[in-house]
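Asker: Got a structure for you, written out below as structure tokens; questions coming shortly.
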Amino acid sequence: QKEVEQNSGPLSVPEGAIASLNCTYSDRVSQSFFWYRQYSGKSPELIMSIYSNGDKEDGRFTAQLNKASQYVSLLIRDSQPSDSATYLCAVKEDFNKFYFGSGTKLNVKP
Amino acid sequence: NAGVTQTPKFRILKIGQSMTLQCTQDMNHNYMYWYRQDPGMGLKLIYYSVGAGITDKGEVPNGYNVSRSTTEDFPLRLELAAPSQTSVYFCATVSGGTNHEQYFGPGTRLTVT
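Chains A and B, in that order, are what the protein sequence lines are.
Quick note: the first sequence uses the working numbering, first residue 1, plus one each step.
Quick note: the second sequence uses the working numbering, first residue 111, plus one each step.
Here is the structure:
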């Protein structure tokens with residue numbers, strides 16, 4: 001059984017701070033990793049994808065991948081109240097099957 | 111382009127009834143997926159398809175059936191609905207190749223009572 005683990009939160013940060021979201025996965029052969037944002041009552045939308053060890057930056061978002069530790073994280077700089085949502089970590093396995101974590105709820109306080 | 115559309119948006123079923131959740135995409139993507147999301151939880155893969163005529167089970171296929179006769183459509187059939195199938199159902203697509211981004215439909219909220 002492939003597992004993707006996330007802290008359910010809620011994670012509360014003040015506006016302007018850095019939010020750090022973490023995810024671990026069980027399958028060592030996993031190669032592709034994704035962060036989705038999901039607002040309440042809405043469908044998930046892709047924020048970041050990362051395939052190689054190290055950091056990948058896109059605007060205020062940075063994804064970090066450490067395959068040896070089976071760990072992927074998402075940093076959100078200068079957090080805004082509009083970032084308040086649930087963040088889902090996803091891992092792609094063979095045959096384009098995806099496994100999702102249960103999500104971390106982020107609250108950004110004005 | 112409509113992207114991924116799902117119907118209905120909401121449905122209430124009685125125990126033992128059956129229904130089909132519709133999913134249609136106009137992006138010509140090869141891969142299509144059905145997920146369910148229970149309250150406070152992540153997405154669980156029910157079934158997926160790598161192209162017309164090809165489907166396979168995901169993590170939680172029991173109580174569901176799918177078919178993929180065209181590239182555009184991927185309906186999910188619930189037979190003999192049970193309260194445990196109360197959930198939000200999302201359809202998603204992936205174009206394939208080197209692009210692994212999933213595009214999600216707006217979801218169907220199903221209640222079985």
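We put the CB at the ideal spot given by N, CA and C, even for glycine.
Going along the stretch 160-191 of chain B in order, which residues come within less than 8 Å of chain A, judged by CB to CB distance?
Answerer: For the stretch 160-191 of chain B, the beta-carbon criterion of a distance under 8 Å to any beta-carbon of chain A is satisfied by V160, D166, G168, E169.
Asker: Relative to the alpha-carbon of T134(B), which residue among G152(B), L155(B), F200(B), L153(B) has its alpha-carbon at the smallest distance?
Answerer: F200(B)
Asker: Within a Cβ cutoff of 6 Å, which residues of the same chain sit near V198(B), ignoring the five residues on either side of it in sequence?
Answerer: Q147, G217, R219
Asker: By the three-class DSSP mapping on this structure, what secondary structure does N107(A) have?
Answerer: Note: N107(A) maps to strand in three-state DSSP.
Asker: Here's the rule I'm using: 16 or more other beta-carbon atoms within 10 Å means buried, otherwise exposed. How should I47(A) be labelled?
Answerer: buried
Asker: Cβ atoms of F33(A) and L11(A): under 8 Å apart, would you say?
Answerer: No; because the gap between Cβ atoms is not below 8 Å, this pair is not in contact.
Asker: Give me the DSSP bridge partner(s) of Y25(A).
Answerer: V4(A)
Asker: Using a Cβ-Cβ cut-off of 6 Å (strictly less than) and excluding sequence neighbours within five positions of P110(A), which residues of its own chain qualify?
Answerer: Hits under 6 Å: E15, P81.
Asker: If you scan the stretch 48-101 of chain A from start to end, which runs of the beta strand (DSSP E) of 3 or more residues do you find wholly inside it?
Answerer: 54-58, 61-66, 71-76, 85-92, 98-100
Asker: At the level of alpha carbons, what is the spacing between D78(A) and Y39(A)?
Answerer: Using only the alpha carbons, I get a separation of about 19 Å.
Asker: Take Q132(B) as the anchor and find which of T115(B), T165(B), V204(B) has the nearest alpha-carbon.
Answerer: With respect to the C-alpha of Q132(B), the residue from T115(B), T165(B), V204(B) having the closest C-alpha is T115(B).
Asker: For the candidate residues S102(A), S69(A), G59(A), T62(A), whose alpha-carbon lies nearest to that of S30(A)?
Answerer: S69(A)
Asker: If you follow the beta strand (DSSP E) that A202(B) is part of, which residue opens it and which one closes it?
Answerer: Where A202(B) is concerned, the enclosing beta strand (DSSP E) stretches over 197-204.
Asker: Could you work out which residues of chain B lie near S102(A), taking near to mean beta carbons separated by less than 7 Å?
Answerer: Close to S102(A), with beta-carbon spacing below 7 Å, are these residues of chain B in chain order: M151, G152.
Asker: Is G101(A) buried or exposed, if buried means 16 or more other CB atoms sit within 10 Å of its CB?
Answerer: buried
Asker: Under 8 Å, Cβ to Cβ, is there at least one residue of chain A near L155(B)?
Answerer: Yes, L155(B) counts as interfacial toward chain A.
Asker: Exposed or buried, which one is L155(B) when buried takes at least 16 other CB atoms within 10 Å?
Answerer: buried
Asker: Chain A beta carbons: is any one of them nearer than 8 Å to that of P118(B)?
Answerer: no
Asker: Mind listing, in chain order, the continuous beta strand (DSSP E) runs of no fewer than 3 residues lying wholly within the stretch 146-208 of chain B?
Answerer: 153-161, 164-167, 174-176, 186-188, 197-204
Asker: Following the continuous beta strand (DSSP E) through Y39(A), name the residue where it begins and the one where it ends.
Answerer: Neither: Y39(A) is in no beta strand (DSSP E) and is coded neither H nor E.
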